[in-house]
Amino acid sequence: MRWSNFFIPTLREDPADAEVASHRLLVRAGYIRQLTAGVYSLLPLAQRVRLKVIQIIREEMNRIGGQEFLLPAIHPAEIWKESGRWDVMGDNMFRLRDRKGTDMALGMTHEEVFTSIARNSINSYRQLPQVWYQIQTKFRDEARPKSGLLRVREFTMKDAYSFDVDFEGLDKSFQDHYDAYCRIFTRCGLKYTAVEASSGAMGGTKSTEFMVRTNAGEDNIVFCEKCGYAANVEKATSQLATLDDRGGPTGVEEFPTPGVRTIEDLTSFPGGASADRQIKTLVYILDDNVALVLLRGDHELNETKLMDASGAINVRAARPEEISEALGASAGSLGAVGVTATSHPKIGRIIADEALSARRNMTTGANKDDHHIRGVDVDRDIKVDKWASLRSVKAGEACVNCGGVLEVFRAVEAGHIFKLGTKYSDSMGAKVLTPDGQEVPIVMGSYGIGVERVMSAAIELYNDEAGISWPPSIAPFHVVLTVVNTKDQQLVETSERVYEDLCRAGLDVLLDDRDERAGVKFNDADLIGIPYRVTFGKKVKEGKAELFTRATRASEDLEIGSVVHAIRARLEEAISKNSRSKDD
RNA sequence: CGGGGCGUAGCACAGCCUGGUAGUGCGCUCGGUUUGGGACCGAGAGGUCGUUGGUUCGAAUCCAAUCGCCCCGACCA
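FYI, in the numbering used here the residues of the first sequence are 2 to 585.
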């Protein structure tokens, strides 16, 4: 490819509305242009990267027996109503009507469509297992698209679905995908962490996210350096030191606390209690039902955990008037002591964080403004309907597995794999006969990778002052040839010859034949991030060209005749280093 | 959906407060000089000032509504 004739609209200045590095560089280096919020056009450079990522994904999916499909983006509402997700997906689903007035949707994921195929055409255990996948456009009407390609409303996803007779089969399919994902991200040059995750609206029993550590990410990951424990804060747990609850009154004791509104206030109030000896009582609306959510005073609620624990789809904090209507007091004096279905008919249920289990001598609100209760024995005095892990783990706490010190970092979710179980096969009636003639629901898994997210994450990982520095495996071109002066015939002819040789060797080569000054070309090459640059300049007279490595910014002279060999050797080393996985 | 910011040439911005019909840098075109890290000189092209309505003799500027984009939060497979 000749630069003079290839569309690379680089900008000399940073775009004003891009915050994160990948967004800023994708726009500035001429990879993408925004059409509207969360919707981007991929320009030729970006499309080349996208296709390389896709190719790696395809090879690894095929390697585990995946069969590539291509499913529609337009779905009838009917199948989403069958699975129950027509309502669950809410405003995040793009909806439309056809000319007959039938409700339709743009696909945000494809469990329903794949399951509908499976239920019609798979009847016997003999046809299983199956691994089906596609690489296709997904539509999600995000409330807040942001950060360039990191959070968008239209994007390419590789989504795969496994179908097995039983859970043992699912375990194997899940593991196959886990291994394939490790190979995919490694080959794409990404450093990643596989973490335990919440399954959210996908449902199912277990899920693992593949996270790329970067501050541009929106997820918080809890990580133990010592044993390798890693989990999304939406899922993570930690060990807490046991507190000594001895002493205090023998029974509950109400006392006046004028002016006390917060946990903090009560810690300094005479006769009050430290935060870890208080019960924080939150009022939440879980799918239109009022619930009390209890946590230790110094702990913070993680709403995803609350959703998982309660099974609720819509979760929000109650408004002040809803709180006083339900409990007869305002925030600051709330408590769950003595709250039952008869005493407080508005309260649907009480969900408590495990850290409160068996605690005694606790202090909490009295459901009477300006009054609290002390001497609370949680097991004795509070009728808890459900115990669950509800709090957000914080950095510095002890690892659940080994007691090591946990750290918390930000990350981008590049992939997510789920053990779905029979959620969709049950609701949509996808069943097979087992060898002994029993009819059982197919056991499913689903597995997704955001292709443009992989690209963005790579940029977040590999960029510097001068621009992008692509991992060679997904770079739009392996090498750029820079002709320092296009008026110098010797330089032009030499570079043309090397260009032909490199192309013949099967490399992706960009020949910068533009009539620009050398500085412009060097800066553009650095900006768009091509891993290797060969410069044809002064030393061509001595039969030499200069090889510049983008990642290290190191230069060396090469005999012109050895350029092809040198580039090939370096690429092979760089790419094979990444394709080695732990089980190879 | 709540809070904040911003819409003026392809990009980055000034002009708005104090109304008089639009400017700077980069980029672009042409000519010339240059040629190893974003050259220089000269001559040009390019703008419904987001949109609609209002005030006014006159609106980029004042008022109102509306649309859009970015950031924070809520939300999010």
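Where is the CB? At the ideal position from N, CA and C, for every residue including glycine.
Beta-ladder partner(s) of Lys588, from DSSP
The requested residue 588 is not part of the displayed model; the chain covers only 2 to 585.
For Phe140 and Asp513, the rounded distance between their alpha carbons:
Indexing the first sequence from 1 puts residue 513 at position 512. Indexing the first sequence from 1 puts residue 140 at position 139. Here the alpha carbon of Asp513 sits roughly 37 Å from the alpha carbon of Phe140.
Using the Cα positions of Leu12 and Arg59, report the straight-line distance between them to the nearest angstrom.
Stepping through the first sequence from its first residue, residue 12 is reached at position 11. Stepping through the first sequence from its first residue, residue 59 is reached at position 58. Straight-line Cα distance between these residues: approximately 33 Å.
Report the residue from Ala217, Cys228, Ala353, Met212 whose alpha carbon sits nearest the alpha carbon of Thr187.
In the first sequence, residue 187 corresponds to position 186, counting from 1. Closest option to Thr187, judged by alpha-carbon separation, among Ala217, Cys228, Ala353, Met212: Met212.
Uninterrupted alpha helix (DSSP H) stretches inside the region 226-288 (no shorter than 4 residues)
Fully enclosed alpha helix (DSSP H) runs of 4 or longer: 264-269.
Considering only C-alpha positions, which residue in the set Gln279, Asp437, Asn6, Ser174 is nearest to Val377?
Here residue 377 is taken as the residue at index 376 of the first sequence, counted from 1. The residue among Gln279, Asp437, Asn6, Ser174 with its C-alpha nearest the C-alpha of Val377 is Gln279.
In chain order, what residues of the same chain lie with their CB nearer than 7 Å to the CB of Ala106, ignoring the 5 residues before and after it?
The sequence position of residue 106 within the first sequence is 105, counting from 1. Cβ within range, chain order: His76, Ala78, Trp81, Met94, Phe95, Arg96.
For the alpha helix (DSSP H) containing Glu113, list its first residue and its last residue.
Residue 113 sits at position 112 when you count from the first residue of the first sequence. First-last of the alpha helix (DSSP H) with Glu113: 112-122.
Bridge partners of Gly538, per DSSP?
Position 537 of the first sequence holds residue 538. Looking at the DSSP output, Gly538 shares a beta bridge with no other residue.
Can you look up Leu107 in the DSSP assignment and give me helix, strand or coil?
Taking the first sequence and counting its residues from 1, the one referred to as residue 107 is at position 106. Strand at Leu107.
With 16 other CB atoms within 10 Å as the buried threshold, where does Lys159 fall?
Translated into the one-based positions of the first sequence, residue 159 becomes position 158. By the 10 Å Cβ count, Lys159 comes out buried.
Which class does Tyr500 belong to by DSSP, given the choice of helix, strand or coil?
Here residue 500 refers to the residue found at position 499 of the first sequence. Helix at Tyr500.
Residues near Ala47 in its chain [Cβ-Cβ closer than 6 Å; skip 5 each side]:
For the purposes of this step, residue 47 is taken as residue 46 along the first sequence, with counting starting at 1. So the list reads Tyr32, Ile33, once near-sequence residues are dropped.
Counting only the same chain and skipping the five closest in sequence on each side, list residues whose C-beta sits under 8 Å from that of Pro73.
As a position in the first sequence, residue 73 is number 72, starting the count at 1. Cβ contact annotation for Pro73 (same chain, cutoff 8 Å, sequence separation greater than five): Gly108, Val114, in chain order.
Endpoints, beta strand (DSSP E) assigned at Ser334:
Your numbering for residue 334 matches position 333 in the first sequence. For Ser334, no beta strand (DSSP E) encloses it, and the DSSP letter there is neither H nor E.
Cβ-Cβ separation, Ile561 to Val499 (assumed contact under 8 Å), whole Å
The residue given as residue 499 occupies position 498 in the first sequence. The residue given as residue 561 occupies position 560 in the first sequence. Contact holds; Cβ gap of about 7 Å.
Comparing alpha-carbon positions, which option in Ala519, Leu572, Thr483 lies nearest Met2?
Locating residue 2 in the first sequence gives position 1, where the first residue counts as 1. For the residues Ala519, Leu572, Thr483, the minimum Cα distance to Met2 belongs to Thr483.
What span of residues does the alpha helix (DSSP H) with Leu36 cover, start to end?
Your numbering for residue 36 matches position 35 in the first sequence. Where Leu36 is concerned, there is no enclosing alpha helix (DSSP H), although the beta strand (DSSP E) it sits in stretches over 33-37.
Look at Ile475 and Val50 and say whether their C-beta atoms are less than 8 Å apart.
Working through the first sequence from its first residue, we reach residue 475 at position 474. Working through the first sequence from its first residue, we reach residue 50 at position 49. Closer than 8 Å, so yes.
Is the beta carbon of Cys189 sitting closer than 8 Å to the one on Pro472?
Residue mapping note: residue 189 aligns to position 188 of the first sequence, counting from 1. Residue mapping note: residue 472 aligns to position 471 of the first sequence, counting from 1. With contacts defined by Cβ atoms closer than 8 Å, Cys189 and Pro472 form a contacting pair.
Write down every uninterrupted run of the alpha helix (DSSP H) in the region 454-540 whose length is 4 residues or greater and which is fully enclosed by it, in chain order.
If we require 4 residues or more, the alpha helix (DSSP H) runs fully inside the region 454-540 come out as 490-505, 519-529.
For my contact list, Ile469 and Leu421 are in at a C-beta cut-off of 8 Å; report their separation, rounded to the angstrom.
By one-based count along the first sequence, residue 469 stands at place 468. By one-based count along the first sequence, residue 421 stands at place 420. The Cβ separation is near 37 Å, so there is no contact.
Answer with buried or exposed for Glu1, where buried requires no fewer than 16 other C-beta atoms within 10 angstroms of its C-beta.
Nothing can be reported for residue 1, as the shown portion of the chain is limited to 2 through 585.
Between which two residues does the beta strand (DSSP E) holding Leu97 run?
What you label residue 97 is simply residue 96 of the first sequence in a count that begins at 1. Unbroken beta strand (DSSP E) run through Leu97: 96-98.
Start-to-end residues for the beta strand (DSSP E) that takes in Ala555:
By 1-based counting over the first sequence, the position of residue 555 is 554. Under the DSSP assignment, Ala555 falls in the beta strand (DSSP E) whose first and last residues are 555-560.
Between the region 320-333 and the region 295-302, do three or more beta carbon pairs fall short of 8 Å?
Pairwise C-beta distances place the region 320-333 out of contact with the region 295-302, as fewer than three of them are shorter than 8 Å.
I think Ala353 touches Val385, with their Cβ atoms under 8 Å apart; what is that distance to the nearest whole Å?
For the purposes of this step, residue 353 is taken as the residue at position 352 of the first sequence. For the purposes of this step, residue 385 is taken as the residue at position 384 of the first sequence. A Cβ-Cβ separation of about 4 Å places Ala353 in contact with Val385 under the 8 Å criterion.
Rounded Cβ spacing between Ala367 and Glu255 (contact assumed at less than 8 Å)
What you label residue 367 is simply residue 366 of the first sequence in a count that begins at 1. What you label residue 255 is simply residue 254 of the first sequence in a count that begins at 1. Your pair Ala367 and Glu255 checks out as a contact, with CB atoms roughly 5 Å apart and the cut at 8 Å.
To the nearest angstrom, how far is the alpha carbon of Arg120 from that of Gly430?
Taking the first residue of the first sequence as 1, we reach residue 120 at position 119. Taking the first residue of the first sequence as 1, we reach residue 430 at position 429. C-alpha separation (whole angstroms): 7 Å.
How many angstroms separate the CA atom of Asp584 from the CA atom of Glu155?
The residue you call residue 584 lines up with position 583 of the first sequence. The residue you call residue 155 lines up with position 154 of the first sequence. Note on Asp584: pLDDT 42, under 50, position unreliable in the model; the coordinate value appears next. Each residue's Cα considered, the two are about 35 Å apart.
If we count the other Cβ atoms within 10 Å of its Cβ and call it buried at 16 or more, is Asp18 buried or exposed?
Taking the first sequence and counting its residues from 1, the one referred to as residue 18 is at position 17. Asp18 comes out exposed.
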